[in-house]
Structure formats: C-alpha cells, structure tokens
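>
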Amino acid sequence: MNEQDIYEGIGQVDDDVLLRSEKKRRARRPWWAAAAAAVVAVAVAVGFFFPHGGDFDGGPFVTTAHAVAEAHYPEMAPYPDETAADFEVQYEAWREDKMQQERDIDNMEGLKDYAQASIPAFLSGAEGENRAYSPLNVYMALSMLAELTDGESRAQILTLLGSDSLEALRSQANALWNDHYSSDGATTSVLASSLWLDEGVPFDQNTLDTLAENYYASSFQGDLGTEEMNQALQDWLNSQTGGLLQDQIGQLTLDPETLLALATTVYFQAKWSSTFSEEKTAPQTFHSPTGDVTADFMHASFESGTYYWGERFSAVGLGLANDGGTMWFLLPDEGYTPEDLLSDSEAMDFLLSGGDWAQKKQLIVHVSLPKFDIASQIDLAEGLRALGVTDIFDADRADFSPMLAGNTQGIFVSQAKHGVRVAVDEEGVTAAAYTLMSMAGAGEPPADEIDFTLDRPFLFALSDRQGLPLFTGVVNQP
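Count along the sequence shown from 1, add 1, and you get the number used in my numbering.
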C-alpha cells in the first residue's frame, strides 16, 4: 500500500501495511521459497457511528473478484412506519427479528477484563492531545488473528481476550457480531470483514470457511496490485462504509507485492434518544491543557436524569435511540486529569458498569457538552506487547500455520495501527475507527438539580446495551 490517507483526520496508513513478502516477485516462484520472507498481515477496521448515515446496503458486497468463501448476513424486518395502518403488525415483525439477533454473552467478565486492561494501555500518554480507541474493533481484529495463528502466538491472544480456547473465542466473537448486528432502516450496526488473497498464495480452505461462518468474513482471490483488484477492494470498502469515505478509499491501493490483505469495517448509525436543540448551542470557554479555547457548547436539561459520582469523578450517560446504547461522559474532579482516571480502578470499573453503580442519584441534570470532532492514531504494537501479546511480532516465534499452506517460517506481524475519529453534535455522535496489523471527584449532588458542565478535559465511552464499550476516548481539545 502506498503511503496515503485512508481517512482524512483519522490517521495515516504507513507504507508496508499489507501482507507481503519482501522477496516475492511477479515471476510467481513459490512464495515460501524465500527462507527469510517477511510477511505482513493487515487488518483494517473502519467503524462509523453516524446520526444521519450514508448509502449503506446492509449486506455483504459481491465483487467481480473470485470469491473463495462468502458471508451471508441475517435478514431483518424494517423498522415500522409509525403512520402505517398496519403499524402493530410491522412492529411485531421488527421486534421478533430484533430479539432473534440478541445474544447472551457468556464470558462477560473476560470481555470486561480485556477492556479494563486495554483501555488504559491505549489511551494513556495523550500528553494534552486527543486520543480515542475502539475496544470492540480491536477485539474482533485480534479474534480473527487468533484464527490465523497457532501455538504460543494464539495462546497469548486468547489470554488477552479472556478466552480459554479458540472455540470459546470463536463462539464469543460470533455472539458479539450477532448481538451488534442491526439493519432495519432506523439503526444500522454491522461488523464486516474480508480477506484478499493473491492468486499465487496457497491457503487453507477450512480456515476461510470458518471465518465466513463465524465472523461473516468473505474471502476473495485474484492478482493483487492490479487495477481490477484495487477497484474491487475499493468497491467493497465503499459498500461497507455507506460511501462516506469515497475520496479517501479511492486513494487506497494494494501494491504488486501484496500476498494477503485483511479488511474489516464497523458501521454504526443511530441518533440520540433526545437530541440537543441547535438554538441552545452557544460559544463557551473550554479549559484545555494548553490554555483556554472557545468551543460551541450544546445544552439540554434532563428532568429525570441520573448523576453518578466516584472518588475522583462525576459522570452522566446520554442514551441512543432504539436500544442503541449509551454515551458516557466522565469529568475528573478539580485537581485531577483524564490520565488520573485511566489509572484509577474505580473510574475504570464505572466505565464498564453500564450504569450499575451504587453512587448515583436521579434528579434534574443540566448538561453542557462541547461539540467536538477528535481524531487519533495509535500504534498498537507497543501496547499489545505490554499486554502479553509478543510472539506474533517475532519472526522466529510467530506461528501462522493455520492460514497458509507450506513453509510459514519468517512470517510475523510487522505493524499494528489503530485510528479512531469521534464527533459529537446536536443530532448524535459520529465515530470511525480502523485497525492496521502488519506481519513482517465529586461528592453527593444537591437534592434537586445539578449542572454537569464538561468545560475541561474529560473521558467518554460509547457503550452498547450490555455496557461493553465500542469507542472510548480522551478529549483534551474540543
């Protein structure tokens, strides 16, 4: 991949972010003939949370590339037309399909342990800058990576993700995929994946079938690096991201040395349960670490709001329509910073509590929230090593035998990057994330009402209905 912006404002995609062998040649000698081949694997995950949404078709995209494994998405009844004469019939059909997608997550504690360990690892060290991270995005990418690895490489991933076996992880990832899936015209939430194989690469069909069945990942094979395959990849990405990144995706190409590329996307579209009135938005001072700045603040009062607090923070959650989850805002007490909260076990417990918290009170909450549009890019390699996932980065120790047939010696993850963008306005939240993996204080509130004003650095988490964080971040500069 040439050095290009995959997404303006999210982050840069570096030069060697695709699965390749440095010694591969277009003469197509056996790819494994180079004993010291440095093969790079990539997982690109692009996620959106759009209040308005784009042109998203809600299903797997069929390209002109040769499909060697295809995903098939569940069908859902559309959200009912409230003005229709048969509204009740439509509603029952919609509700039935909605309930069929709901899943019990067996290993919730393991998931929360992973989130509690990884959120501080990837959000800390912002040093006054904005930073964001999608735990679910990285979880799904690592789960698929576990399918492509074996031995200690796989064991380290399983440990981080809180699973005791690949089968348990596979079941968990499948449950998460289905539990988050919605394509009803009102709320769209789809985790999509695809694998792109060069025509000279031998592969294990069983692995591809497993990815299709459990991760809804389609796999395609062709002459990677050609104009036709580049167009097929771009078409797939545009289809899965609602056409919202056409200009940036148009710059995304695979170079002729690419052996394999893994592309995953997350598309989420919803609105606030109660939107902010644009008429109440007004300039206000935000006290950033580098000095006071003026930002547009949104204002709303919630008559039956819930106010939460801990030893070093206060918090409020804003709901999303149609069971879309909640966006949580954690404001450090005076004298503390978001960095302090990231290292505070109580604050992290609250972040994953889903509102199940003893120190809370229902009262009138006046929320003042700055509109913000933040972007950051994280190199995951250092954080993953610190979290115990080390072997996949070592050419002598990494084991990618389940995916590729033949000699897999010398294959390793040479790059792991993750970019996120989150924007908040009166309608709702817009968030995007991608993961690139390369293988070469507050006290108890007053009795009646309280002002919750986010006019200094704060933490946020966009969580699903079960309290699992989809996006998290630090806002130092709105």
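Ideal Cβ positions, reconstructed from N, Cα and C, are used throughout, including at glycine. As the structure is a computational prediction, the values presented were derived from the model and not from experiment.
For Ala85, I'd like the list of residues in its chain whose CB is within less than 7 Å of its CB, leaving aside the five on either flank, ordered along the chain.
Numbered from 1 along the sequence shown, position 84 holds the residue referred to as residue 85. Within the same chain, Ala85 has close Cβ partners Gln91.
> Tell me the rounded alpha-carbon separation between Gly355 and Trp237.
By one-based count along the sequence shown, residue 355 stands at place 354. By one-based count along the sequence shown, residue 237 stands at place 236. Between Gly355 and Trp237, the C-alpha separation is close to 34 Å.
> Check whether the stretch 383-391 and the stretch 156-174 are in contact - that is, three or more C-beta pairs closer than 8 Å.
yes
> Please go through the same chain and pick out, in chain order, the residues whose beta-carbon is closer than 7 Å to the beta-carbon of His181, but skip the five residues on each side of it.
For the purposes of this step, residue 181 is taken as residue 180 along the sequence shown, with counting starting at 1. The residues are Ser190, Leu192 and Asp465.
> From this set, Phe351, Glu93 and Leu209, which residue's C-alpha is nearest Met145's C-alpha?
Locating residue 145 in the sequence shown gives position 144, counting from the first residue. Checking every option, the nearest Cα to that of Met145 belongs to Leu209.
> Does the beta-carbon of Arg132 have 16 or more other beta-carbons within 10 angstroms, so that it is buried, or is it exposed?
Taking the sequence shown and counting its residues from 1, the one referred to as residue 132 is at position 131. With 16 or more other Cβ atoms within 10 Å, it is buried.
> Count the other C-beta atoms from every protein chain shown that fall within 10 angstroms of the C-beta of Gln363, then say buried if there are 16 or more, exposed otherwise.
In the sequence shown, counting from the first residue as 1, residue 363 sits at position 362. Around the beta-carbon of Gln363, fewer than 16 other beta-carbon atoms lie within 10 Å, marking it exposed.
> Mapping DSSP to helix, strand and coil, what is Ala382?
On the sequence shown, position 381 is the one that residue 382 refers to. Looking at Ala382 - three-state DSSP - the assignment turns out to be helix.
> I'd like the list of long-range same chain contacts for Leu342, defined as Cβ closer than 7 Å, with 5 residues on each side in sequence excluded.
Residue numbering aside, residue 342 sits at position 341 when the sequence shown is read from its first letter. Only Arg313, Phe314, Leu331, Pro333, Ala348 and Leu460 meet the Cβ criterion.
> Quickly, what does DSSP pair Thr327 with across the bridge? List them, please.
Sequence index remark: in the sequence shown, residue 327 carries index 326 (1-based). DSSP lists Gly320 and Ser464 as partners of Thr327.
> Residues in the same chain with beta-carbon distance under 7 Å from Asn477, minus the five sequence neighbours each way, listed in chain order, please.
Translated into positions along the sequence shown, residue 477 becomes position 476. Excluding sequence neighbours, Asn477 sits near Ala127, Gly129, Glu130, Asn131, Ser289, Pro290 and Pro458.
> Could you tell me which residues DSSP puts in a beta bridge with Gly292?
Here residue 292 corresponds to residue number 291 of the sequence shown, with the count starting at 1. Paired residue(s): Ser289.
> Starting from Ala118 and walking both ways along the alpha helix (DSSP H), at which residues does that stretch end?
Position 117 of the sequence shown holds residue 118. Ala118: member of the alpha helix (DSSP H) spanning Met109 to Leu124, first to last residue.
> Would you mind working out which of Gly251, Asp426, Val267 and Leu124 sits nearest Leu241, comparing C-alpha positions?
In the sequence shown, counting from the first residue as 1, residue 241 sits at position 240. Strictly speaking, residue 241 in this sequence is Gln, with Leu absent from that position. Taking only the C-alpha atoms, the option nearest Gln241 is Val267.
> Kindly confirm or deny that the stretch 168-188 and the stretch 100-118 touch, where touching means at least three C-beta pairs closer than 8 Å.
yes
> Should Ala147 and Leu167 be called a contact, given that it needs their Cβ atoms to be closer than 8 Å?
For the purposes of this step, residue 147 is identified with residue 146 of the sequence shown, where counting begins at 1. For the purposes of this step, residue 167 is identified with residue 166 of the sequence shown, where counting begins at 1. Yes; because the gap between Cβ atoms is below 8 Å, this pair is in contact.
> Would Leu225 and Leu255 qualify as a contact pair, given that the criterion is a beta-carbon distance under 8 Å?
Translated into positions along the sequence shown, residue 225 becomes position 224. Translated into positions along the sequence shown, residue 255 becomes position 254. Yes, the Cβ-Cβ distance between Leu225 and Leu255 is below 8 Å.
> Would you give the residue range spanned by the beta strand (DSSP E) that Lys362 belongs to?
By one-based count along the sequence shown, residue 362 stands at place 361. Lys361 to Pro371 is the extent of the beta strand (DSSP E) around Lys362.
> Report the start-end ranges of each alpha helix (DSSP H) in the stretch 141-184 that is 4 residues or longer and not cut off at the edges.
152-162 and 167-181
> Looking only at C-alpha atoms, which of Arg422, Pro470 and His67 sits nearest to Gly325?
The count along the sequence shown starts at 1 and reaches residue 325 at position 324. Nearest C-alpha to Gly325: Pro470.
> Tell me which residue opens and which closes the alpha helix (DSSP H) that Glu79 is part of.
Mapped onto the sequence shown, residue 79 falls at position 78. The residue asked about is misnamed: residue 79 is Pro in this sequence, not Glu. Neither: Pro79 is in no alpha helix (DSSP H) and is coded neither H nor E.
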